[in-house]
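Engineer: Residue numbers (the working numbering), protein chains in the order written: chain F, 1274 to 1438; chain R, 1274 to 1438.
For every residue, glycine included, the Cβ atom is placed at its ideal position computed from N, Cα and C.
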């Protein structure tokens, strides 16, 4: 299916973020098991639950608009998940791995912030007002998760890792 | 070189962003040639110049701290650049490709915002104050580029693409 119009691009971007969310949905439980800090584990588990809701929102947008998603694999999320795997392989469980996991998770959140930001702008331009507000709700969740991870890093995780010799 | 301490992780993250910037530095001229809108071409060209300065800042941090960067390839930036290539392959030159290129570039910017955000926090925690402020300057440039791309999309590029039938 070639991309000719802005509507085609909207469907392509929606298919991309759908693939990204599905890949993340598989990675988050692994990241939660790999973490040590209880608050970080809880944050990953909570974001896993949120991700299920975000996938449901994509389904709602698809059904309401009678859109047909493409079966594509988001290459960027593949790279981001690969980076998280490398961290788990290279760093033993503990405070330093936790800091690295926060960094990997924030890269993921920022990918999604950019992706949903584009989607909301395209939906508005195309006059898909309900889709725009549905996707905007997810955008706000991704931003809130990013801020939460920053707070977690600043208040406890980074300092705990500094003590590792 | 295993990652045991927060300092090891700082070097790992610095090596990762160094690889990301180098990959981006090769991709930006291709993105500029692939774009049609003059303001978007100018934005890509300007960000290419900025990227050279950002690579120099990494060199400054490395030299001042007498750090040794690792030769690693940033997997996430590989995926992000791959996505930009797919756009160029799949969408003919014109307004719709321009919108897609803005989306790809904003994903790249957000990767860098997350990466430099982590680096600045680690530098501060480790007491590398000069490195923190040098890397913070780049972080602010990445944020400004992201905002500029959003403005470009909102004011002209998205609307031009809506007219493509």
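Report the residues of the segment 1372-1391 of chain R with a CB closer than 8 Å to any CB of chain F, ordered along the chain.
Structural biologist: Under the 8 Å Cβ criterion, the segment 1372-1391 of chain R contributes 1372, 1373, 1375, 1376, 1379, 1380, 1382, 1383, 1384, 1386, 1387, 1388, 1390 and 1391.
Engineer: When we look at the beta-carbon of residue 1420/F and count the other beta-carbons within 10 Å, is it buried (16 or more) or exposed?
Structural biologist: Looking up residue 1420/F in the first chain gives position 147. Classification of residue 1420/F: exposed, given that the 10 Å Cβ count is below 16.
Engineer: Of all the alpha helix (DSSP H) runs that stay within the bounds of the segment 1278-1309 of chain R, which reach a length of 4 or more residues?
Structural biologist: Listed in chain order, they are 1279-1307.
Engineer: Is residue 1393/F close to chain R? Criterion is C-beta to C-beta, closer than 8 Å.
Structural biologist: Here residue 1393/F corresponds to residue number 120 of the first chain, with the count starting at 1. Cβ-Cβ to chain R under 8 Å: no for residue 1393/F.
Engineer: Cutting at 8 Å between CB atoms, please list the residues of its own chain near residue 1423/R, excluding the five before and the five after it.
Structural biologist: Start at 1 with the first residue of the second chain, and residue 1423/R comes out as number 150. Only 1379 meet the Cβ criterion.
Engineer: Would you say residue 1277/F lies against chain R (beta-carbon separation less than 8 Å)?
Structural biologist: Residue mapping note: residue 1277/F aligns to position 4 of the first chain, counting from 1. Yes, contact with chain R.
Engineer: Which bits of chain R does residue 1352/F rub up against, with CB to CB less than 9 Å?
Structural biologist: Residue 1352/F sits at position 79 when you count from the first residue of the first chain. 1347, 1348, 1349, 1350, 1351, 1352, 1353 and 1355, listed in chain order.
Engineer: Would you say residue 1425/R reaches chain F, if we count a Cβ-Cβ gap shorter than 8 Å as a contact?
Structural biologist: As a working mapping, residue 1425/R is identified with position 152 in the second chain. Not one chain F Cβ lies under 8 Å of residue 1425/R.
Engineer: With H, G and I counted as helix, E and B as strand and the rest as coil, what does DSSP make of residue 1368/R?
Structural biologist: In the second chain, counting from the first residue as 1, residue 1368/R sits at position 95. Note: residue 1368/R maps to helix in three-state DSSP.
Engineer: For the candidate residues 1414/R, 1413/R and 1394/R, whose alpha-carbon lies nearest to that of residue 1405/R?
Structural biologist: The residue labelled residue 1405/R in the question sits at position 132 within the second chain. The residue with the shortest Cα to Cα distance from residue 1405/R is 1394/R.
Engineer: Report all residues from its chain with a CB closer than 8 Å to the CB of residue 1447/F; omit the five preceding and five following residues, and keep chain order.
Structural biologist: Outside the modelled stretch of chain F, which goes from 1274 to 1438, sits residue 1447/F, for which no answer is possible.
Engineer: Measure the alpha-carbon distance for residue 1416/F versus residue 1426/F and round it to whole angstroms.
Structural biologist: Taking the first residue of the first chain as position 1, residue 1416/F is located at position 143. Taking the first residue of the first chain as position 1, residue 1426/F is located at position 153. The alpha-carbon atoms of residue 1416/F and residue 1426/F are separated by roughly 16 Å.
Engineer: Give every residue of the same chain whose Cβ lies closer than 8 Å to the Cβ of residue 1290/R, excluding the five residues on either side of it in the sequence, and list them in chain order.
Structural biologist: Against the second chain, residue 1290/R aligns to sequence position 17. Excluding residues within five positions, the ones whose Cβ falls inside 8 Å are 1331, 1347, 1385, 1388, 1389 and 1392.
Engineer: Flag this pair as touching only if the segment 1346-1361 of chain F and the segment 1290-1305 of chain F have three or more C-beta atom pairs under 8 Å; answer yes or no.
Structural biologist: Flag = yes, the segment 1346-1361 of chain F and the segment 1290-1305 of chain F touch.
Engineer: Taking only the alpha-carbon atoms, compute the straight-line gap between residue 1318/F and residue 1306/R and give it to the nearest angstrom.
Structural biologist: Indexing the first chain from 1 puts residue 1318/F at position 45. Indexing the second chain from 1 puts residue 1306/R at position 33. Those two C-alpha atoms are separated by around 43 Å.
Engineer: Among 1414/F, 1310/F, 1286/F and 1359/F, which has the Cα closest to the Cα of residue 1325/F?
Structural biologist: To locate residue 1325/F, count along the first chain from 1; it is residue 52. For the residues 1414/F, 1310/F, 1286/F and 1359/F, the minimum Cα distance to residue 1325/F belongs to 1414/F.
Engineer: What is the DSSP secondary structure of residue 1340/R, counted as helix, strand or coil?
Structural biologist: By one-based count along the second chain, residue 1340/R stands at place 67. Residue 1340/R falls in the coil class under three-state DSSP.
Engineer: Please classify residue 1401/F: does DSSP put it in a helix, a strand, or coil?
Structural biologist: Looking up residue 1401/F in the first chain gives position 128. The answer is coil: DSSP assigns residue 1401/F none of H, G, I, E or B.
Engineer: Mapping the DSSP letters down to three states, classify residue 1350/F as helix, strand or coil.
Structural biologist: Your numbering for residue 1350/F matches position 77 in the first chain. Note: residue 1350/F maps to helix in three-state DSSP.
Engineer: Verify the CB distance criterion: does residue 1323/F have a CB-CB separation below 8 Å to chain R?
Structural biologist: Reading the first chain from its first residue, position 50 is the one you call residue 1323/F. Residue 1323/F does not count as touching chain R.
Engineer: Distance cutoff 8 Å, beta carbons only. Does residue 1435/R sit that close to anything in chain F?
Structural biologist: As a working note, residue 1435/R is residue 162 in the second chain. Closer than 8 Å: yes.
Engineer: To the nearest angstrom, how far is it from the Cα of residue 1372/F to the Cα of residue 1320/R?
Structural biologist: Along the first chain, read from residue 1 onward, the residue named residue 1372/F stands at position 99. Along the second chain, read from residue 1 onward, the residue named residue 1320/R stands at position 47. For residue 1372/F and residue 1320/R, the distance between alpha carbons rounds to 29 Å.
Engineer: Just to confirm, is the Cβ distance from residue 1310/R to residue 1428/R under 8 Å?
Structural biologist: Walking along the second chain from the start, residue 1310/R turns up at place 37. Walking along the second chain from the start, residue 1428/R turns up at place 155. Not in contact: residue 1310/R and residue 1428/R (Cβ atoms no closer than 8 Å).
Engineer: Would you say residue 1369/F and residue 1282/R are within 8 Å of each other, going by their C-beta atoms?
Structural biologist: Position 96 of the first chain holds residue 1369/F. Position 9 of the second chain holds residue 1282/R. Yes. Within cutoff.
Engineer: At 3 residues or longer, and completely inside the segment 1313-1337 of chain R: list those beta strand (DSSP E) runs for me, N to C.
Structural biologist: List check, beta strand (DSSP E) in window: nothing returned.
Engineer: Taking DSSP as the reference, what is the three-state secondary structure of residue 1439/R?
Structural biologist: There is no way to answer for residue 1439/R, as the model of chain R reaches only from 1274 to 1438.
Engineer: Could you spell out the range, first to last residue, of the alpha helix (DSSP H) harbouring residue 1427/R?
Structural biologist: Numbered from its first residue, the second chain carries residue 1427/R at position 154. It is not in any alpha helix (DSSP H) - residue 1427/R carries neither H nor E in the DSSP assignment.
Engineer: Express the C-alpha separation of residue 1304/F and residue 1411/F in angstroms, rounding to a whole number.
Structural biologist: As a working note, residue 1411/F is residue 138 in the first chain. As a working note, residue 1304/F is residue 31 in the first chain. Each residue's Cα considered, the two are about 21 Å apart.
Engineer: Would you mind stating whether residue 1436/R and residue 1374/R have Cβ atoms separated by less than 8 Å?
Structural biologist: In the second chain, residue 1436/R corresponds to position 163, counting from 1. In the second chain, residue 1374/R corresponds to position 101, counting from 1. Taking 8 Å as the Cβ cut-off, residue 1436/R and residue 1374/R do not qualify as a contacting pair.
Engineer: If we ignore side chains and look at the alpha-carbon of each, how far apart do residue 1448/R and residue 1336/F end up?
Structural biologist: With chain R running from 1274 to 1438 in the structure shown, residue 1448/R is simply not present.
Engineer: Mind checking residue 1271/F: buried by the 16 CB within 10 Å criterion, or exposed?
Structural biologist: Beyond the ends of chain F as shown, which are 1274 and 1438, falls residue 1271/F; an answer cannot be given.
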